[in-house]
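> Right, I'll just put the structure down here and ask away after.
4 protein chains.
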Amino acid sequence: MSSTFGKIFKIHTYGESHGVGLGVVIDGCPAGVNIDEDAIAYQLERRKPGQSKIVTQRKESEKFEVLSGVFDDKSTGTPISLMIKNDGQRSKDYDHLKKVYRPSHADFTYQEKYGIRDYRGGGRSSARETVARVMAGSIAAQYLQQVSDIKVYSYVSSVGDLTLDKGYQDLDFSKIDDHPTRCPDAEMAEKMYELIDGVRKNGDTIGGTITGVITGVPVGLGEPVFDKLHAELGKAMLSINAVKGFEYGSGFEGAKMRGSSHNDVFEADENGNLITKTNHSGGIQGGISNGADIYFKVAFKPVATIMRDQESVDADGNEIAVKGKGRHDPCVLPRAVPIVDAMSNLVMADFFLRNKISKV
Amino acid sequence: MSSTFGKIFKIHTYGESHGVGLGVVIDGCPAGVNIDEDAIAYQLERRKPGQSKIVTQRKESEKFEVLSGVFDDKSTGTPISLMIKNDGQRSKDYDHLKKVYRPSHADFTYQEKYGIRDYRGGGRSSARETVARVMAGSIAAQYLQQVSDIKVYSYVSSVGDLTLDKGYQDLDFSKIDDHPTRCPDAEMAEKMYELIDGVRKNGDTIGGTITGVITGVPVGLGEPVFDKLHAELGKAMLSINAVKGFEYGSGFEGAKMRGSSHNDVFEADENGNLITKTNHSGGIQGGISNGADIYFKVAFKPVATIMRDQESVDADGNEIAVKGKGRHDPCVLPRAVPIVDAMSNLVMADFFLRNKISKV
Amino acid sequence: MSSTFGKIFKIHTYGESHGVGLGVVIDGCPAGVNIDEDAIAYQLERRKPGQSKIVTQRKESEKFEVLSGVFDDKSTGTPISLMIKNDGQRSKDYDHLKKVYRPSHADFTYQEKYGIRDYRGGGRSSARETVARVMAGSIAAQYLQQVSDIKVYSYVSSVGDLTLDKGYQDLDFSKIDDHPTRCPDAEMAEKMYELIDGVRKNGDTIGGTITGVITGVPVGLGEPVFDKLHAELGKAMLSINAVKGFEYGSGFEGAKMRGSSHNDVFEADENGNLITKTNHSGGIQGGISNGADIYFKVAFKPVATIMRDQESVDADGNEIAVKGKGRHDPCVLPRAVPIVDAMSNLVMADFFLRNKISKV
Amino acid sequence: MSSTFGKIFKIHTYGESHGVGLGVVIDGCPAGVNIDEDAIAYQLERRKPGQSKIVTQRKESEKFEVLSGVFDDKSTGTPISLMIKNDGQRSKDYDHLKKVYRPSHADFTYQEKYGIRDYRGGGRSSARETVARVMAGSIAAQYLQQVSDIKVYSYVSSVGDLTLDKGYQDLDFSKIDDHPTRCPDAEMAEKMYELIDGVRKNGDTIGGTITGVITGVPVGLGEPVFDKLHAELGKAMLSINAVKGFEYGSGFEGAKMRGSSHNDVFEADENGNLITKTNHSGGIQGGISNGADIYFKVAFKPVATIMRDQESVDADGNEIAVKGKGRHDPCVLPRAVPIVDAMSNLVMADFFLRNKISKV
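Chains as they are written, first to last, in my numbering: chain G, 1 to 360; chain B, 361 to 720; chain X, 721 to 1080; chain U, 1081 to 1440.
So this is what it looks like as structure tokens:
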């Protein structure tokens, strides 16, 4: 009862990392959107393993099929079903995990909650689930591109203790994909790369943050009270595997400030439109977009699977050592960038549609 | 379309700060819960204005009425309707705001989104809306108390630059309400009080953080993928007025760590139950509770209404000065504690019920 | 978890017949609708007891209050809360029912389902709940009137064996309220009146049908697959107390026909718009409105409360006689007409809004 | 936004008759249900074309694949995805329909609503969509069988003017599948067969009714107010292609009766359980099951596609003749029986789960 996201631009995902396949049904994409399959494939490429030495070398199929909802390259208003069959899985890598609960993984909680679990590759709890989000997010992005100026960006802004000290305004988003780390600042990107590579050689993993930016947002997106724009963005990001925190605008730093310096004072721009002089609000006031850039930061913990032996306890309570096997990411951040993008696009498409029915 | 929260223990809120009244309809509270109206009143007392010198001195009615759903002091399984009529509002305080957009308030975004707004006291965007959450949260807490060991706490953990450096384990939660700041550490509480009072005298406001803790959680609450327990908690907190960030477990600090030190290693307790040696996971793994304490931190910005003149622009684009009038909080934190509690209780009641239908 | 109706124009109702009050929260009414309280009062008048000798003589308050969501006589886009406090209830009339299950009432099923029930006047199962629907339906009607040509009508088309043999096209809907039976055909209305009055004097009750008609419907309302326009209308009507059946267009008679005579052949009208020569489809094809009139029929059983002794069994299984006490309707049809109207308006408002987001 | 059915046992369907494939994602099936793929295949067999001379001779693939949610032949609590790839479609049969609106089909309404339609075989409006319902319904049935005594039956009770005059109690449900008509009364079945075959030879089609029966229902399923058990059953049935009406219990006949003869008087059975002497209520009182058999009737119109030329108008308003081409059902009833079963099972599984959270 939990694999649905969105109120109007709704997505329903399914699939396990080592099952037959994974996919998504989008119910709520308006009719008449031009659907470009290459654009979907491009986002899947950004997420896929093996892009560089600092991400997992697993082989995974990213070959998707559009099963429904598109005719003559346009959405028809009926559910759009996108599916990827698994291929190249090495399920035997996971036989040793049948009765073992890996530390800081979902093995234990799934087993206790459901009384059964697909232990191969984490099953439903695997980040492989995010291929569904990326496919759906690409459709959302294509919709937004065709009806609005909304554009979504994200990039790696810190790895471990290395933090990019430039604001998003001082970065060139066109360079995000230029470096395997997906940090658009070349110098910092190189440092991050070295750090991750060192961690990798050490059989360890490392966390970091991704900064998201949304530009071209019309005034009025987001809903009062529970479905505030930033609350839904927060939920979207927190629902991504390994995420531990979310802040937008001034965020946790804003909690240290005084109102007199935090308030964003209004002024009129050259066209007489109201804008704010500063943007501590992160483009959202009272849960509703005010036209300024939306920006936020997402914290990712270090990947739980490390290439070292860890103490643990098996399902029967016996002490065991969990072996670090398989092909895993030393740092999830570079491959998480398209996932953050996808979730941003899904949230924005949903609120864009919700706003169409907010007044007579 | 946004005043509903929860999937099974659902609440629907309504009301404006200067309208006729505010309230909540709870649809999904199981039959047979003993309903104690005094417990509801107690939580409203914790939220109400005028508790001390460092909160707003506004007069607001907290007199609620149970309109339905309770018979012989028990829930009947039908919707529970709770309502408070407004009283003591001084709407004239707001006449000057008809054409004025207060900085960092929702005036501008509501007006643009809806083409109309109730400008008196912020209307629906006012934090007065949270009386509905507090009432419903109390019912959720009563339900949880009668069917589980789940207990919810929260306290002020920082104000401005003053940060409590003790962990939640080193605090005595029974002292939270002992001090007007709702910081359970007497020494820090006093410092916070002085800080807030100084800010108040200066006509300014200040932000801070609240730490939430949930104990006695059974293993298995929370859902995979989108409705992860922490994602829903995050959305709940981010939906509270003035919140800018949410983190749980290791949070943003965890993003700096390595897997080898971040992972929570399992061990068996004296009863053979699996527990973890550390709790960077914050009691949640894969979106599902693992039985350990859940803890999280919520960042609040400084209140936007300050007792100083601020530059702004009116609805017609003319430059004006916004006067700081009325009776407002210099720091929202002490009164936000019961609201954080309410949202925690609502989330936990909802997931407790959802878990009842997760397996055969 | 079941007092919500609608997907976008959503209503949440609450209240018991002998509790403190009843009401509805409308979440999803667009901003900018002119709200006329007199129009709401008018619909409540049509539903209220004591209109004539052939309906119940109970005293009930219909005095409602708008608690939120309306400012300067316009909807603001925030939840509209409407409430009626009970008054004039004679709860003592029901003391004898504490341990008694009235035949064909909901007493037994509520008690078994919830383990508790408000036995006074049927509690939540009472048709008094429909005041909430009528209030919300009036708001929906006002919205539709301001944005479309959609008009909703209904009238009593049969009582017992007396069936109006004219089609809806041959009736003058302006006469519906001219007669206490709400049958717009004066001659048949008089016969129905006599029949109901005779049944009443006999301490008995009688069933009948209401025909609903919706005109001015644009092409395109309704959704494919599960939320077909007629499926949602059907659910709406079947959710009204005492309803046993629903058919639209050719209905059960259509099931006897052959395709060659049932099919509605297209032709172009004078403006070149496509219309159908016949309307067995009842204005809906594939679940979506085709611009022709929508018409349907709703079957109501005879009211279960009769003014005679009935055998029954109490909660402990003892044989007892249920006394017919209180003030009840010999025939629910005349007062059900505004309820059918309300449900039609709610369904149409919801689908009108849903259609706004169906294509780019 | 309309391909979802159910509140807890939720299904999401997708697919077009001549697209790549069709399928369903079940989100809300509890973990631990034994899943028998043969049982699913068996229900698909009952629905498939070519079973006899009186149904369509189209070739359609019914080969399904389970993509997710099942592990070691048990449901895991994660979404169950079932998919069928299309095969054997003769899309060229439909080329002539690109600009043509078939009478009483959804061609016109889809085109107007969405501005685009997949005209091949009706696209999403085709009854081929019901393969998804049948697959999901089988999973629901398997769940119900493993946790309750609930059993669902349906059979053809009339074709055209031929009506089975026996009540469901006098029929042997084990004989439903014995005859191609799916009428369990051998004599009437034969008459129906002759009637349908004659209609078929005549290039025409004919309607009829299906009676549904649900036995072994515990007391307490169904929800008050809008989600009454019969209202949801009604919506479920009305959402099936070609359905024009729904009645339960006494239905439209009950509308002619008086309360004194319609009321179902209680008595105690040998075990002291309360039962009713009669069952005009159709097993449902106040929207909630009372333990008696649930029974209802569903009216199907004659199939719109006839093997004759029909006048119509094309998309440009030109008069044309629609040719009856392709392979179609002269009577949809026999193949609709498993679809009615599927919808009954889906509704019952959903309410069974909803009832688990109705009291403490």
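By construction, the Cβ of each residue, glycine as well, lies at the ideal position given by its N, Cα and C atoms. From a predicted model like this one, the values you see are computed outputs, not experimental measurements.
#1: Contact criterion: CB-CB distance below 8 Å. Does LYS716(B) meet it with respect to chain G?
#2: Tell me where the alpha helix (DSSP H) around LYS445(B) begins and ends.
#3: Report the rounded CA-to-CA distance for LEU1251(U) versus TYR143(G), giving the unit in angstroms.
#4: Compute the distance between the beta-carbons of PRO900(X) and ILE774(X), then report whether it is under 8 Å.
#5: Answer yes or no: does any C-beta atom of chain X fall closer than 8 Å to that of GLY77(G)?
#6: Can you check whether the CB of SER514(B) is closer than 8 Å to the CB of LEU589(B)?
#7: State the start and end residues of the unbroken alpha helix (DSSP H) segment that holds LYS871(X).
#8: Indicate the three-state DSSP secondary structure (helix, strand or coil) for ASP1118(U) in the structure shown.
#9: Could you check which residue in ARG335(G), ARG102(G), ASP269(G), SER157(G) has the C-alpha nearest to that of ASP678(B)?
#10: DSSP three-state call for LYS1087(U): helix, strand or coil?
#11: In whole angstroms, what is the alpha-carbon distance linking THR163(G) and ASP185(G)?
#12: Is the segment 491-498 of chain B close to the segment 809-823 of chain X, with three or more CB pairs under 8 Å?
#13: In terms of alpha-carbon separation, which member of ALA487(B), ASP537(B), ARG618(B), PHE431(B) lies closest to TYR839(X)?
#14: Roughly how many angstroms separate the alpha carbons of SER250(G) and THR469(B), rounded to a whole number?
#15: What is the residue span of the beta strand (DSSP E) that ALA1401(U) lies within?
#16: Are there 16 or more other CB atoms within 10 angstroms of the CB of GLU1125(U), so buried, or fewer, so exposed?
#17: Which residues in the same chain have their Cβ closer than 6 Å to the Cβ of ALA549(B), if we skip the five residues on either side of it in sequence?
#18: Please name the residue in TYR402(B), LEU555(B), ILE536(B) whose C-alpha comes closest to that of ASP521(B).
#19: With which residues is TYR374(B) paired in a DSSP beta bridge?
#20: Whose C-beta lies closer than 6 Å to the C-beta of GLU1096(U) among residues of the same chain, with five residues either side of it excluded?
#21: How would you list, in chain order, the residues of chain G whose beta-carbon sits under 8 Å from the beta-carbon of PRO463(B)?
#22: Consult DSSP for TYR888(X) and reduce its assignment to one of helix, strand or coil.
#23: Quick check: is the beta carbon of ALA1111(U) nearer than 8 Å to any beta carbon in chain B?
#24: For HIS1342(U), which residues from the same chain have a beta carbon less than 8 Å from its beta carbon, with the 5 sequence-adjacent residues on both sides left out?
#25: Is there a C-beta anywhere in chain B that falls below 8 Å from the one on GLU194(G)?
#26: Quick check: is the beta carbon of GLU489(B) nearer than 8 Å to any beta carbon in chain G?
#27: Evaluate the contact criterion for the segment 1026-1045 of chain X versus the segment 927-937 of chain X: three or more CB pairs, one atom per stretch, below 8 Å.
#28: Checking contacts by CB at 8 Å: is ASP587(B) closer than that to chain X?
#29: Contact between the segment 322-334 of chain G and the segment 712-720 of chain B is defined here as three or more beta-carbon pairs at a separation below 8 Å; is this criterion met?
#30: Just to check my reading of the structure: ASN705(B) and ALA487(B) have Cβ atoms closer than 8 Å, yes? What is that Cβ distance to the nearest angstrom?
#31: Buried or exposed for GLN866(X), please, with buried defined as at least 16 other CB atoms from any protein chain shown within 10 angstroms of its CB.
#32: Is MET1063(X) closer than 8 Å to ILE934(X) when the C-beta atoms are compared?
#33: Return yes when the Cβ of TYR114(G) is within less than 8 Å of the Cβ of GLY1157(U), no when it is not.
#34: Determine whether the Cβ of VAL745(X) lies closer than 8 Å to any Cβ atom of chain G.
#35: Are the C-beta of ARG133(G) and some C-beta of chain U separated by less than 8 Å?
#36: Quick one: complete alpha helix (DSSP H) runs, 4+ long, within the segment 232-314 of chain G?
Reading from the atomic positions:
#1: no
#2: Note, LYS445(B): premise wrong, no alpha helix (DSSP H); beta strand (DSSP E) at 440-445.
#3: 55 Å
#4: yes
#5: yes
#6: no
#7: It is not in any alpha helix (DSSP H) - LYS871(X) instead sits in the beta strand (DSSP E) that spans 871-879.
#8: helix
#9: One point to set straight first is that residue 678(B) is Asn, not Asp, in the sequence displayed. Of the candidates ARG335(G), ARG102(G), ASP269(G), SER157(G), the one whose C-alpha sits nearest the C-alpha of ASN678(B) is ASP269(G).
#10: If DSSP states are grouped into helix, strand and coil, LYS1087(U) belongs with coil.
#11: Distance between the alpha carbons of THR163(G) and ASP185(G) is about 11 Å.
#12: no
#13: Selection ALA487(B), ASP537(B), ARG618(B), PHE431(B) evaluated against TYR839(X) yields PHE431(B) as nearest (Cα-Cα).
#14: So the alpha carbons of these two residues sit roughly 19 Å apart.
#15: 1399-1402
#16: exposed
#17: These residues qualify, in order along the chain: HIS539, THR541, CYS543.
#18: LEU555(B)
#19: GLY383(B)
#20: ASP1198, GLY1203, ARG1204
#21: ASN263, ASP264, VAL265, PHE266, THR276
#22: If DSSP states are grouped into helix, strand and coil, TYR888(X) belongs with the helices.
#23: yes
#24: SER1330, GLY1334, HIS1360
#25: Cβ-Cβ to chain B under 8 Å: no for GLU194(G).
#26: Yes, GLU489(B) lies at the interface with chain G (some Cβ there is under 8 Å from its Cβ).
#27: no
#28: no
#29: no
#30: So it is not a contact: roughly 18 Å between Cβ atoms.
#31: exposed
#32: Contact: no.
#33: yes
#34: no
#35: False, the Cβ-Cβ gap to chain U never drops below 8 Å.
#36: 251-254, 259-262
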